[in-house]
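The next block holds one structure in the form of structure tokens; read it before the comments.
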Amino acid sequence: MQKFYKLMSDKIKDALLKNDYQVNEVIISESNRPDLGEFQYNGAMNLAKEYHKNPVLIANEIKTTLEQDPFFKDINVAGPGFINLSISDDALLKYINNPDFSYPKNDKLIFLDYGGANVAKSLHVGHLRSANIGEALKRLCNYLGYNTLSDTHLGDWGRPLGLVILELKKRNPSWAYFDENYKGEYPKVGITSALLEEVYPYASLKAKEDEEYLKEAQKMTKSLQERKRGIYALWQEIMEVSKNDIKEIYKRLNTHYNLYKGESDAEKYVPEMLLYLDKQGVVEESEGAKVIPVSLPDDKLEVPPMLLIKSDGGILYSTTELATIYERMKINNPDEIWYIVDKRQELHFKQVFRAAYKSKIVSEDKKLVFAGFGTMNGKDGKPFKTRDGGVMRLTDLLESVKAESLKRLNDNITENREEIAEDIAISTVKYADLLPNRETDYNFDLDKFCSLDGKTGPYILYSTIRMKSLLKKAKENNFKYEKMTIIKGNHTRDLILLLTNLDNVLNNAFNSKSLNDVTDYLYKLATCFNRFYTENIILKETNESIKESWLYLISIIYKVNNILLDILAINVPDKM
RNA sequence: GUUCUUGUAGCUCAGUUGGAUAGAGCGUACGCCUCCGACGCGUAAGGCCAAGGGUUCGAUUCCCUUCAAGAACACCA
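Under the working numbering, residues 4 to 579 are what the first sequence spells out, in order.
Dropping the structure here:
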């Protein structure tokens, strides 16, 4: 059976045509007056304007036509021309017994850029949203039939690396990496992520206080960018260690990338791109620097030109960003690139995107999408800091949530407590992170997010596990649940109606590139199920067809729950 | 300073081309377990949608003004 809303709007479209009304799109929504109907169509009021007719009259014409279709149980016209629709049991049963949750494959390729980890620096809380939103969007795209590629786009080529290497040299001048006369393979020196984590903040601080040190660091950065043999080899060792470390943390968040490329990869394309840009004639000189002007006549705020080359000849963030696009178009040629990054970077990306289109690195038929997200702040609404004022590491955040989850975990669970607490912790963090609209800033509140009450990950998990264990028990008792034959009992109908909305929810999330519709829908499913569950005693129901119908319905709800949780990259433990 | 974003219940937030009586969660008050997971469910109180004006049958939504908060604004990433 096709998507329910599509079916309904097709029926209304037909009815409109039969009454000689032309309309491009029929939008039906859940009723906000459930006392009058289950769905509503408000189009009669718009048609009234277009056809200069009384909207109530139009609504009644449509009503009369629709009433011949046994699909509808009740149709009424209210107020200035609202059409309220209720569906017959037969139609709902037909839908629920043959629901279509799948989407056909298409060949569009969407490239998602999210994560943005920096090499030699541990991931911090600022990296959380990008990973959560990006991974969920990627899974959503896949579910809806799109091809995807994801890249974490590592920050692996700038001054931070120069600082780290310099400090390592100061401490270990005898390493072969630093011997300019050394030939042959360099022996590994056993860099660890713990070492890197300690070295970078130290060097970074020192560079701020010590001018001489900063100069040395700049020199070191230059050596790296020139790929001096020993320095480059050390960089490779650092990269390997750091990359594995980063992958480990992303793994905890169920986040995986197709590509772990970085600025160093894009940098290789810079010379080629510069030649190309020159040929395109888009580069201009300005105050000793080379820029691409990107302002447009109707800009209210003058968009400053994109800086391509500094007056000292060096390249910048925007240069590598543009080179990254150049590289991606050349290698992967995606139809769209989505950037899931902090919304404060909007202007920067606007410049780069404009430069990309202007120089025809990206053709007009392709989409560069900026999906900026709001900042996660501390409980007090101020930027999230540790007690000593530093930025909190992502691992520490996850550990604190895990510790809290473990503390709250039911005592009668004796096995796999650690693993279960981990699943709960990740669900907690992800659900809380995806609940607000993508662009909204939100405050991290440990107690609130870990609570079992309300719109929280644990509540969703609890409800899902409840469904699962109920179905398991039914199976153990050899209760069949292959179809639904009757709609009886409190909230049974509500659950079916809620399910019809799945397609809208997924499409809205795709269009808005925000997951809050999905998290909210999961919450609705869970509460509706819990209401249904408390008011109907399912396994002890004596009427066999009612029992089977209920169990079948639960199996569908459970399935949808799993589909959605999987899109959000949340694991469901067996027990909690 | 310029531009953009935001302002919705005590708190945290939804609200999709303008629609009927503005929705959730938390918190508060009061209820519901001899029964499938009470880590659950129910009921109630709580609002001048920042303020003022405009557009129209109709505005939290669109336009203008004011106030308040936040962000961005070329040689950092």
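From the three backbone atoms N, C-alpha and C, an ideal C-beta is built for every residue, glycine too.
Distance between residue j and residue i (C-alpha atoms, nearest Å)
i    : j    : result
L60  : G84  : 8 angstroms
I328 : H156 : 11 angstroms
K282 : L350 : 26 angstroms
D17  : K76  : 18 angstroms
K370 : P37  : 40 angstroms
Y185 : A179 : 7 angstroms
D92  : K550 : 17 angstroms
G148 : N175 : 53 angstroms
Y445 : K108 : 35 angstroms
G600 : T389 : This structure leaves residue 600 out entirely; the chain is present only between 4 and 579.
Y342 : L278 : 26 angstroms
K231 : A512 : 47 angstroms
E53  : L69  : 22 angstroms
V273 : T195 : 31 angstroms
V286 : A292 : 10 angstroms
E367 : P337 : 13 angstroms
V202 : E402 : 23 angstroms
T378 : A435 : 13 angstroms
N510 : K6   : 12 angstroms
L412 : S454 : 11 angstroms
First through last residue of the alpha helix (DSSP H) which encompasses residue i
i    : result
N539 : That residue, N539, is in no alpha helix (DSSP H); it is neither H nor E in DSSP.
Y561 : E547 to I570
Q43  : Where Q43 is concerned, there is no enclosing alpha helix (DSSP H), although the beta strand (DSSP E) it sits in stretches over F42 to Y44.
W238 : R232 to R255
E138 : L131 to Y146
D17  : F7 to K21
S89  : S89 -> not in any alpha helix (DSSP H); beta strand (DSSP E) instead, spanning F85 to I90.
Residue of the options minimising C-alpha distance to residue i
i    : options                   : result
G137 : V344, K250 and D93        : V344
I429 : V404, S177 and E288       : V404
R331 : L95, F452 and M276        : M276
L256 : D23, S34, K433 and A51    : K433
Y216 : N261, R162 and P190       : R162
R302 : R357, S12 and E290        : First, the residue type needs correcting, since residue 302 is Asp and not Arg in the sequence shown. Minimum Cα distance to D302 is reached at R357.
N533 : W238, D506, S515 and D456 : D456
A580 : K111, N514 and D72        : Since the first residue of the chain shown is 4 and the last is 579, residue 580 is not available in this structure.
I566 : D506, K254, N247 and E538 : D506
L10  : L95, D23, Y24 and N45     : L95
Status (buried if at least 16 other CB within 10 Å, exposed otherwise) for residue i
i    : result
N87  : buried
E547 : exposed
L525 : buried
N121 : buried
I30  : exposed
I557 : buried
S32  : exposed
H127 : buried
G460 : buried
P386 : exposed
D442 : The sequence given here has Glu at residue 442, not Asp. When all chains shown are included, E442 counts as exposed.
Q25  : exposed
N- and C-terminal bounds of the beta strand (DSSP E) containing residue i
i    : result
I429 : Here I429 belongs to no beta strand (DSSP E); instead the alpha helix (DSSP H) covers R420 to L437.
I489 : Counting along the chain, I489 falls outside any beta strand (DSSP E), and DSSP gives it neither H nor E.
F75  : F75 to A81
L311 : M309 to I312
L115 : L112 to D116
N150 : N150 to D154
G375 : K370 to F376
Y180 : Where Y180 is concerned, there is no enclosing beta strand (DSSP E), given that its DSSP letter is neither H nor E.
Check whether residue i and residue j have beta carbons under 8 angstroms apart
i    : j    : result
L199 : I241 : yes
K486 : Y561 : no
V294 : V306 : no
I168 : L208 : no
I468 : M579 : yes
S245 : A123 : yes
K141 : L115 : yes
F447 : G381 : yes
S408 : Q354 : no
V563 : L464 : no
G165 : T258 : no
L39  : N101 : no
beta-carbon residue i near the ligand MG non-hydrogen atom, thresh 7 angstroms
i    : result
L500 : Questions concerning the ligand MG fall outside what the structure shown contains, since it holds no ligand whatsoever.
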